[in-house]
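Student: Sharing a structure here in structure tokens format.
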Amino acid sequence: MQIAGKKINDILVVSLEGELDHHTAGEVREYIDNLLEDPTIRNLIIDMKKLKFMDSSGLGVLLGRYKIISRRGGELGVVGINTQIDRIFVVSGLYKIIKAYDDLKQALNDTGGY
Amino acid sequence: MQIAGKKINDILVVSLEGELDHHTAGEVREYIDNLLEDPTIRNLIIDMKKLKFMDSSGLGVLLGRYKIISRRGGELGVVGINTQIDRIFVVSGLYKIIKAYDDLKQALNDTGGY
Amino acid sequence: MIQGGIDMDKINEMRLRFLSKSSNESFARVTIAAFASQMDPTLGEISDIKTAISEAVTNAIIHGYEDKTGYVEVYAAIYPNKFVVEVSDEGVGIDDIEKARQPLYTSKPELERSGMGFTVMETFMDELKVISAINQGTKVRMVKYIRSSINKIGRSE
Amino acid sequence: MIQGGIDMDKINEMRLRFLSKSSNESFARVTIAAFASQMDPTLGEISDIKTAISEAVTNAIIHGYEDKTGYVEVYAAIYPNKFVVEVSDEGVGIDDIEKARQPLYTSKPELERSGMGFTVMETFMDELKVISAINQGTKVRMVKYIRSSINKIGRSE
Ligand SMILES: Nc1ncnc2c1ncn2[C@@H]1O[C@H](COP(=O)(O)OP(=O)(O)O)[C@@H](O)[C@H]1O
Ligand SMILES: Nc1ncnc2c1ncn2[C@@H]1O[C@H](COP(=O)(O)OP(=O)(O)O)[C@@H](O)[C@H]1O
Chain W
737 MQIAGKKIND ILVVSLEGEL DHHTAGEVRE YIDNLLEDPT IRNLIIDMKK LKFMDSSGLG
797 VLLGRYKIIS RRGGELGVVG INTQIDRIFV VSGLYKIIKA YDDLKQALND TGGY
Chain A
737 MQIAGKKIND ILVVSLEGEL DHHTAGEVRE YIDNLLEDPT IRNLIIDMKK LKFMDSSGLG
797 VLLGRYKIIS RRGGELGVVG INTQIDRIFV VSGLYKIIKA YDDLKQALND TGGY
Chain B
172 MIQGGIDMDK INEMRLRFLS KSSNESFARV TIAAFASQMD PTLGEISDIK TAISEAVTNA
232 IIHGYEDKTG YVEVYAAIYP NKFVVEVSDE GVGIDDIEKA RQPLYTSKPE LERSGMGFTV
292 METFMDELKV ISAINQGTKV RMVKYIRSSI NKIGRSE
Chain Y
172 MIQGGIDMDK INEMRLRFLS KSSNESFARV TIAAFASQMD PTLGEISDIK TAISEAVTNA
232 IIHGYEDKTG YVEVYAAIYP NKFVVEVSDE GVGIDDIEKA RQPLYTSKPE LERSGMGFTV
292 METFMDELKV ISAINQGTKV RMVKYIRSSI NKIGRSE
């Protein structure tokens, strides 16, 4: 699993590359929560363009970050999910609380009203 | 396994795509021997650029075709073998009887004196 | 050596046993996908099977064995029109299977489990059966009907 | 459940059992390569392991079981600096192992076997042991030392 993060205004953008399952969930969670200690971050966008696989362990990671972000009044968005991950999102009803975007630009524009 | 063959003068060029093991050896053998029924074919070039894997079952296929071709006074050449297949060639001493070329043009130029 | 057998329809089968380590989750997915690919399934079918396997194997590792190490076993069989896969552990077992299968139910919310594992298996596969007994382990049996395979298998053998 | 065990050095292990069908040759290669990849081997090391596995599994299928169907078993284990793999069948067995291991020796020239299987295993792996008895089957044990793994394994667990 390769993880990269950058801050754009009050938005944290995290890119994931690899497979998000129970084995890799821990490092993703720690990586994001570490950056979220910065209190000026309100919104989170996860770039999944290079994420090849995600199962319900990934759902747990997303839901956990969603809780932190909504407590701050922010939004959680995802970018570039593939068909396999889309199926997981549909089954779990995740689209009801997490917004999905085709590309990062669109996500940044829409998030936090930029 | 995908196999394609074409005749250029007295040379039969056979391209292999996939993995040549015991499971696929039979169809490769049958395909080539079928075309070799044409008595005007003297030389055989096997294009392995898209062959990802070969084991000693593949050696058996090559040695069998080598026998047929040398009985006709022709040559057997291979094109574009990868590192894994090169290792098999080295171990088996196959380079002593089969010529290896980087590309098909070179192989055609060299084979049968064209 | 086996000559025939009762299950004459079965085209191929495999059994995989590995340690309950999280690094084996992706290994199990790759293995079962490689085996199932003999049926010439669609990309969607393979990806459904991969996801379902991932859920069942993860459950065996984190719920079945918790912090201990044990063996997870995956059995898979190819039939003319279906793929059968069973994931078993000899772990703690499930007390109330009906409750466990409910969407969002998890016994480990502290681990950020979503409680959606069984729901994913049920949605992505065509059949799901869970057999379990306290301290005797759990077996999850799943079936996926593969539409594309019927005429193709014969050809590749 | 396993707590510790004698072989304390062993980091991971798996056991795979499948039918002696030729379509399982590539399946076995993919599976063992996926398991071994946890050691972070080089491409060359993985490709050596794949080739050696292919030879041993093919031998079990065509020599061990000839035209019958039986089970082939592949066991693999990861140690800090080595990869161990064993391929077993319960087939006809080998009468004269020394002769069988000689380069170019094959009992099935009519099938266009090259007689180079054992030579390939020996060259591509660091250790090769063959245990066999007539009508009791054959076990081939191979070891490959993986130079790159020592410090990497801990990280990915
Ligand atoms: N192999 C197993 N062994 C013991 N308990 C299990 C097993 N699989 C599932 N369970 C129980 O069923 C519950 C629901 O499982 P699941 O739907 O996959 O959600 P999650 O894994 O997110 O908890 C688990 O929380 C656990 O209590
Ligand atoms: N698993 C096995 N069961 C029975 N005989 C075997 C087995 N593996 C190898 N042999 C014997 O050893 C010989 C040499 O094997 P090998 O070097 O792989 O060459 P090849 O497979 O091309 O014959 C075989 O021809 C066969 O007689």
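In order, the protein sequence lines correspond to chains W, A, B and Y. Here this note's numbering runs 736 ahead of the position in the first sequence, where the first position is 1. Here this note's numbering runs 736 ahead of the position in the second sequence, where the first position is 1. Here this note's numbering runs 171 ahead of the position in the third sequence, where the first position is 1. Here this note's numbering runs 171 ahead of the position in the fourth sequence, where the first position is 1. Backbone N, C-alpha and C define an ideal beta-carbon position, used for all residues, glycine too. Note that the structure is a prediction, hence the values are computed from the model and not measured.
1. Give the secondary structure of V263(B) by DSSP, where H, G and I count as helix, E and B as strand, and everything else as coil.
2. Go to T309(B), then tell me how far its beta strand (DSSP E) extends in each direction, as first and last residue.
3. Between which two residues does the beta strand (DSSP E) carrying Q738(W) extend?
4. Taking just the CA atoms, how far does R200(Y) sit from S193(Y)?
5. Answer yes or no: do D260(Y) and G308(Y) have a C-beta to C-beta separation smaller than 8 Å?
6. Report yes if the CB atom of F289(Y) is closer than 8 Å to the CB atom of A205(B), and no otherwise.
7. Between the alpha carbons of I217(Y) and K832(W), how many angstroms are there, rounded?
8. Between A236(Y) and N306(Y), what straight-line distance do the alpha-carbon atoms span, to the nearest angstrom?
9. Looking at the C-beta of T847(W), does it have a partner C-beta in chain B at a distance below 8 Å?
10. The alpha helix (DSSP H) with L771(W) in it runs from where to where?
11. Considering L844(W), what are the terminal residues of the beta strand (DSSP E) in which it resides?
12. Distance check for R808(A) and I224(B), CA to CA, integer angstroms please.
13. Taking beta-carbon pairs under 8 Å, can you tell me which members of the segment 822-844 of chain A lie near chain Y?
14. What is the rounded straight-line gap between the Cα of L795(A) and the Cα of L780(A)?
15. Can the beta-carbon of E196(Y) be found less than 8 Å from the beta-carbon of T229(Y)?
16. Considering I824(W), what are the terminal residues of the beta strand (DSSP E) in which it resides?
17. Output, in sequence order along the chain, the residues in the segment 213-238 of chain Y whose CB is closer than 9 Å to any CB in chain B.
18. Can the beta-carbon of A231(Y) be found closer than 8 Å to that of G264(Y)?
19. Which residues mark the beginning and the end of the beta strand (DSSP E) in which I796(W) is found?
20. Locate the alpha helix (DSSP H) running through L275(Y), then write down its first and last residues.
21. When the cut-off is 8 Å and only beta carbons count, does V291(B) lie next to chain W?
22. Which residue wins for smallest C-alpha separation from D178(B), given the options Y276(B), F189(B), S285(B) and A248(B)?
23. Looking at the C-beta of S193(B), does it have a partner C-beta in chain W at a distance below 8 Å?
24. Determine the chain B residues that contact S792(W) at a beta-carbon separation under 7 Å, and present them in chain order.
25. Helix, strand or coil: how does DSSP classify G813(W) here?
26. Ligand 2 and Y250(B): does the residue's C-beta get closer than 7 Å to at least one heavy atom of that ligand?
27. So, E755(A) versus Q738(A), is the Cβ gap smaller than 8 Å?
28. I want to see whether chain B comes within less than 8 Å of E773(W), judged by CB atoms only; does it?
29. If we ignore side chains and look at the alpha-carbon of each, how far apart do I324(B) and G813(A) end up?
30. For ligand 2, I want to know if I768(A) counts as a neighbour, meaning its beta carbon is within less than 7 Å of at least one of the ligand's heavy atoms.
31. Does the beta-carbon distance from M292(B) to E226(B) come in below 8 Å?
32. Hey, would you say R188(Y) sits closer than 8 Å to M185(B), going by beta carbons?
Tutor: According to the structure shown:
1. Your numbering for residue 263(B) matches position 92 in the third sequence. Residue state, collapsed to three classes: coil.
2. Position 138 of the third sequence holds residue 309(B). Here the beta strand (DSSP E) through T309(B) covers G308 to Y316.
3. Stepping through the first sequence from its first residue, residue 738(W) is reached at position 2. Looking at the DSSP string, the run of the beta strand (DSSP E) that includes Q738(W) is Q738 to I744.
4. As a first step, residue 193(Y) is located in the fourth sequence; it is residue number 22 there, counting from the start. As a first step, residue 200(Y) is located in the fourth sequence; it is residue number 29 there, counting from the start. The alpha-carbon atoms of S193(Y) and R200(Y) are separated by roughly 12 Å.
5. As a first step, residue 260(Y) must be located in the fourth sequence, where it is residue number 89. As a first step, residue 308(Y) must be located in the fourth sequence, where it is residue number 137. Going by C-beta atoms, D260(Y) is nearer than 8 Å to G308(Y).
6. On the fourth sequence, position 118 is the one that residue 289(Y) refers to. On the third sequence, position 34 is the one that residue 205(B) refers to. Not in contact: F289(Y) and A205(B) (Cβ atoms no closer than 8 Å).
7. One-based indexing of the fourth sequence puts residue 217(Y) at position 46. One-based indexing of the first sequence puts residue 832(W) at position 96. The alpha-carbon atoms of I217(Y) and K832(W) are separated by roughly 44 Å.
8. Position 65 of the fourth sequence, counting from 1, holds the residue named residue 236(Y). Position 135 of the fourth sequence, counting from 1, holds the residue named residue 306(Y). Reading the sequence as shown, one finds Tyr at residue 236(Y) and not Ala. Y236(Y) and N306(Y) have their C-alpha atoms spaced approximately 10 Å apart.
9. Taking the first residue of the first sequence as position 1, residue 847(W) is located at position 111. Closer than 8 Å: no.
10. Here residue 771(W) refers to the residue found at position 35 when the first sequence is read from its first residue. If you look at L771(W), you'll find it in the alpha helix (DSSP H) that goes H758 to L771.
11. The residue you call residue 844(W) lines up with position 108 of the first sequence. From DSSP, L844(W) is part of no beta strand (DSSP E) but of the alpha helix (DSSP H) over L840 to D846.
12. Taking the third sequence and counting its residues from 1, the one referred to as residue 224(B) is at position 53. Taking the second sequence and counting its residues from 1, the one referred to as residue 808(A) is at position 72. The straight-line gap from Cα to Cα measures roughly 55 Å.
13. R823, I824, V827 and S828
14. Counted from its first residue, the second sequence places residue 795(A) at position 59. Counted from its first residue, the second sequence places residue 780(A) at position 44. Going by the C-alpha atoms only, they are around 15 Å apart.
15. The residue labelled residue 196(Y) in the question sits at position 25 within the fourth sequence. The residue labelled residue 229(Y) in the question sits at position 58 within the fourth sequence. Result yes, Cβ atoms of E196(Y) and T229(Y) sit closer than 8 Å.
16. As a first step, residue 824(W) must be located in the first sequence, where it is residue number 88. Run containing I824(W): none in the beta strand (DSSP E); it sits in the alpha helix (DSSP H), T819 to S828.
17. Y236
18. Here residue 231(Y) corresponds to residue number 60 of the fourth sequence, with the count starting at 1. Here residue 264(Y) corresponds to residue number 93 of the fourth sequence, with the count starting at 1. Cβ distance not < 8 Å, so A231(Y) and G264(Y) don't count as in contact.
19. In the first sequence, counting from the first residue as 1, residue 796(W) sits at position 60. According to the sequence as given, residue 796(W) is Gly; it is not Ile. Not the beta strand (DSSP E): G796(W) falls in the alpha helix (DSSP H), residues S792 to R807.
20. Looking up residue 275(Y) in the fourth sequence gives position 104. Looking at the DSSP string, L275(Y) is not in any alpha helix (DSSP H), and its letter there is neither H nor E.
21. Walking along the third sequence from the start, residue 291(B) turns up at place 120. Cβ-Cβ to chain W under 8 Å: yes for V291(B).
22. The count along the third sequence starts at 1 and reaches residue 178(B) at position 7. The option with the nearest alpha carbon to D178(B) is A248(B).
23. If you number the third sequence from 1, residue 193(B) lands on position 22. With 8 Å as the cut-off, S193(B) counts as an interface residue toward chain W.
24. As a working mapping, residue 792(W) is identified with position 56 in the first sequence. Chain B residues near S792(W): E226, S285, M287, G288 and V291.
25. Taking the first sequence and counting its residues from 1, the one referred to as residue 813(W) is at position 77. If DSSP states are grouped into helix, strand and coil, G813(W) belongs with the strands.
26. Along the third sequence, read from residue 1 onward, the residue named residue 250(B) stands at position 79. No - ligand 2 has no heavy atom lying nearer than 7 Å to the Cβ of Y250(B).
27. Here residue 755(A) is taken as the residue at index 19 of the second sequence, counted from 1. Here residue 738(A) is taken as the residue at index 2 of the second sequence, counted from 1. Their beta carbons are not under 8 Å apart, which means E755(A) does not touch Q738(A) by this criterion.
28. By one-based count along the first sequence, residue 773(W) stands at place 37. It does not; no Cβ of chain B falls within 8 Å.
29. On the third sequence, residue 324(B) is found 153 positions in, with the first residue counted as 1. On the second sequence, residue 813(A) is found 77 positions in, with the first residue counted as 1. Low confidence applies here, because I324(B) scores a pLDDT of 47, under 50, leaving its location unreliable; read the following figure in that light. Taking the straight line from one Cα to the other gives about 34 Å.
30. As a first step, residue 768(A) is located in the second sequence; it is residue number 32 there, counting from the start. Every heavy atom of ligand 2 is 7 Å or more from the Cβ of I768(A), so no.
31. Counted from its first residue, the third sequence places residue 292(B) at position 121. Counted from its first residue, the third sequence places residue 226(B) at position 55. Result yes, Cβ atoms of M292(B) and E226(B) sit closer than 8 Å.
32. Position 17 of the fourth sequence, counted from the start, is the residue given in the question as residue 188(Y). Position 14 of the third sequence, counted from the start, is the residue given in the question as residue 185(B). Taking 8 Å as the Cβ cut-off, R188(Y) and M185(B) qualify as a contacting pair.
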